[in-house]
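Reading through the structure tokens given below for one structure.
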Amino acid sequence: MMIEVWEAKKIINEEAKLLNRNEKYEKIHILDSLNKVLSEDIYSFDNLPPFDKSAMDGYAIRSGDTQNKENIILKIKSLVKAGDFCEESIKENEAYKIMTGAMIPSGSDAVIQIESVKTENGDLYISQEVKKGNNIIKLGEEILKGDVPLKKGTLIRPPEIGLLASLGYEFITVYKAPTVGIVITGDELIDIKSEIENGKIRNSNEYSLKALIKNSNSEVYSVGIVKDNRKALKEKILLAFEKSDIVITSGGASVGDYDFVKDIIHEIEADIKFTCVAIKPGKPTSFAVYKGKLFFALPGNPSALINSFEEFVKPAIKSMMGITEKESEEFPVVLKDTFKTKEGREKYIFVNIRKEDGVYYAYNSGSQCSNHLRAMCNSNGVLIIPKKSANVSVGEVLNGKFIFK
Ligand code: AMP
Ligand code: MG
């Protein structure tokens, strides 16, 4: 039975959440944590900044010395540069030259920037009143000792890595990325280094799958090409299950005489959730659970395989890595071309989305045949034509999104 795209996504999401992997977390160096998700709260053992510091190159002064005065002349004592500790306290009508990032001398409560003053013979001439706290970044202003600046569930991006470093964390605990096992089937497949022979094509899916998995920040385990042979295929699928958290097969998933993947998932008594989705491209996509691991049978047609991965496998990987999508990636797109399709499935049309005067427009990028990759290579986005619609024309508005983000 063919199920709806939203239904398929819901089932996958529920199973991915339930999955109980043995080593769900891992402690890693912060530099290896980009795009992973924190599985612990991060406490601060320090105040940030750890001292009152100057935000500018200028002079540290006592603001009181500049108030209600006509001529403000202060005595310049010495220079405090970043990294220095000034042993002395500032006294009445004194100033210390100070550099950005340097610790404010005790007793000083303001910094006046270098561009706003004049100096002569060791004296500092100020022509305006300076407010208390001016150009001072206060101790603990950003983070106080005991704060939790990064919570469990935070996606780690470059600024999070910087913050972790400033807090003195070299290693952190994150949700471990799943290992994705891939099994490529098809008697027609030859290695990419081989010359084309009669009836044979190069095995491109293994490479796009590896790239898709890498793009999802996960590990890959490939058993390589397996012939369309029931016994050999079963052995390799079981091997992939042994080594991975998710198993993907490419090809052999439909109803042809040599499409054995569905028979094998029945034979190993996997819990089959669905075997056909109302999506184009990607209809012969199956999903099952086997010994607490996820199984996706993806179609062999190269762009169908990629579309199914992006729509069904990637969300499962994200969920296992602790990444929760807060908002839909879809937005309204106005058609610049006409697209002819059929009713009955949700159609994913690969297009070029361009923003013009604040409006997103979709341009045709070539043949949408699920056996071709060229249109996808010419596209930066996808347009989603609802199941019940068929032909759509210039000026109509549909939902779209950018791809491979
Ligand atoms: P299948 O899903 O096995 O019926 O294959 C559907 C189409 O995808 C056929 O035209 C295959 O030749 C092609 N195909 C299958 N596997 C691959 C692969 N690994 N690389 C490139 N094309 C493939
Ligand atoms: Mg095949």
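Following this note's numbering, the numbering of the sequence shown begins with -1 at its first residue and continues without gaps. Virtual Cβ for every residue (Gly too), placed ideally from N, Cα, C.
Return the first residue and the last residue of the beta strand (DSSP E) that residue i is part of.
i, result
"Pro330", "329 to 333"
"Arg93", "Inspection of the sequence shows that residue 93 is occupied by Ala rather than by Arg. 92 to 96 is the span of the beta strand (DSSP E), which, as asked, contains Ala93."
"Phe348", "344 to 354"
"Leu412", "In the structure displayed, the chain extends from -1 to 403; residue 412 sits before or after that span and is not available."
"Asn362", "357 to 362"
"Lys116", "115 to 118"
"Ser301", "Taken as a continuous stretch (DSSP letters only), Ser301 belongs to no beta strand (DSSP E), being part of the alpha helix (DSSP H) at 300 to 306."
What residues in its chain sit with their C-beta under 7 Å from that of residue i, if we drop five residues either side in the sequence?
i, result
"Arg343", "Ala276, Ile277, Lys278, Lys281, Lys385"
"Gln366", "Ile347, Phe348, Ala373"
"Ala302", "Pro279, Gly280, Ser368"
At a cut-off of 7 Å, would you count residue i as near the ligand MG, judging by its Cβ distance to the nearest heavy atom?
i, result
"Asp355", "no"
"Tyr346", "no"
"Gly222", "no"
"Tyr167", "no"
"Asp405", "Here the chain covers residues -1 to 403 and nothing more, so residue 405 does not appear."
"Asp255", "no"
With a CB to CB cut of under 6 Å and the five nearest residues on each side skipped, what residues in its chain are close to residue i?
i, result
"Glu306", "Before going further, note that residue 306 is Ser rather than Glu in the sequence given. If we look at Ser306 and ignore the five residues flanking it on each side, its Cβ neighbours are Gly280, Thr283, Leu296."
"Ile159", "Ile28"
"Lys25", "Phe169, Thr171"
"Ile9", "Lys271"
"Gly138", "Asn45"
Output needed for residue i: all residues of its chain with C-beta closer than 8 Å, excluding positions within five of it in sequence on either side, in chain order.
i, result
"Pro300", "Ser202, Asn203, Ser206, Ser368, Asn369, His370, Leu371"
"Glu217", "Ala175, Pro176, Thr177, Val178, Ile211"
"Lys7", "Glu309, Phe310, Pro313"
"Ser242", "Pro176, Thr177, Val178, Gly179, Tyr219, Lys291"
Could you check whether the Cβ of residue i sits closer than 7 Å to any heavy atom belonging to the ligand AMP?
i, result
"Ala447", "An answer regarding residue 447 cannot be provided, because it is not within the stretch -1 to 403 covered by the chain."
"Ser413", "The question about residue 413 has no answer, for the chain in this structure spans -1 to 403."
"Asn369", "yes"
"Gly184", "yes"
"Ser248", "yes"
"Pro300", "yes"
"Gly197", "no"
"Leu187", "yes"
"Pro297", "yes"
Strictly by DSSP, which residues pair up with residue i?
i, result
"Tyr219", "Gly179"
"Met101", "Lys51"
"Ala268", "BP columns for Ala268 are empty, so no partner."
"Asp255", "Answer by DSSP bridge pairing: none, since Asp255 is not bridged."
"Glu24", "Val172"
"Leu381", "Ile347, Gly398"
"Arg200", "Ile188"
"Phe285", "Phe272, Phe294"
"Ile112", "Answer by DSSP bridge pairing: none, since Ile112 is not bridged."
"Thr247", "Val181, Ala295"
With residue i as the anchor, note down where its alpha helix (DSSP H) starts and where it stops.
i, result
"Tyr205", "203 to 213"
"Phe239", "228 to 241"
"Lys312", "312 to 318"
"Val3", "3 to 16"
Inter-stretch contact (C-beta, 8 Å, three-pair minimum) for the stretch 223 to 237 and the stretch 310 to 323:
no
Could you say if the stretch 69 to 84 and the stretch 154 to 170 meet the contact criterion of at least three C-beta pairs nearer than 8 Å?
no
With three or more beta-carbon pairs closer than 8 Å as the criterion, would you say the stretch 56 to 63 touches the stretch 26 to 43?
no
Any contact of the stretch 181 to 190 with the stretch 242 to 252, i.e. 3+ C-beta pairs under 8 Å?
yes
Do the stretch 327 to 334 and the stretch 393 to 401 touch if we need at least three Cβ pairs shorter than 8 Å?
yes
Would you say the stretch 49 to 61 touches the stretch 106 to 116, given that touching needs at least three Cβ pairs under 8 Å?
yes
Taking contact to mean at least 3 C-beta pairs separated by less than 8 Å, is the stretch 186 to 200 in contact with the stretch 68 to 77?
no
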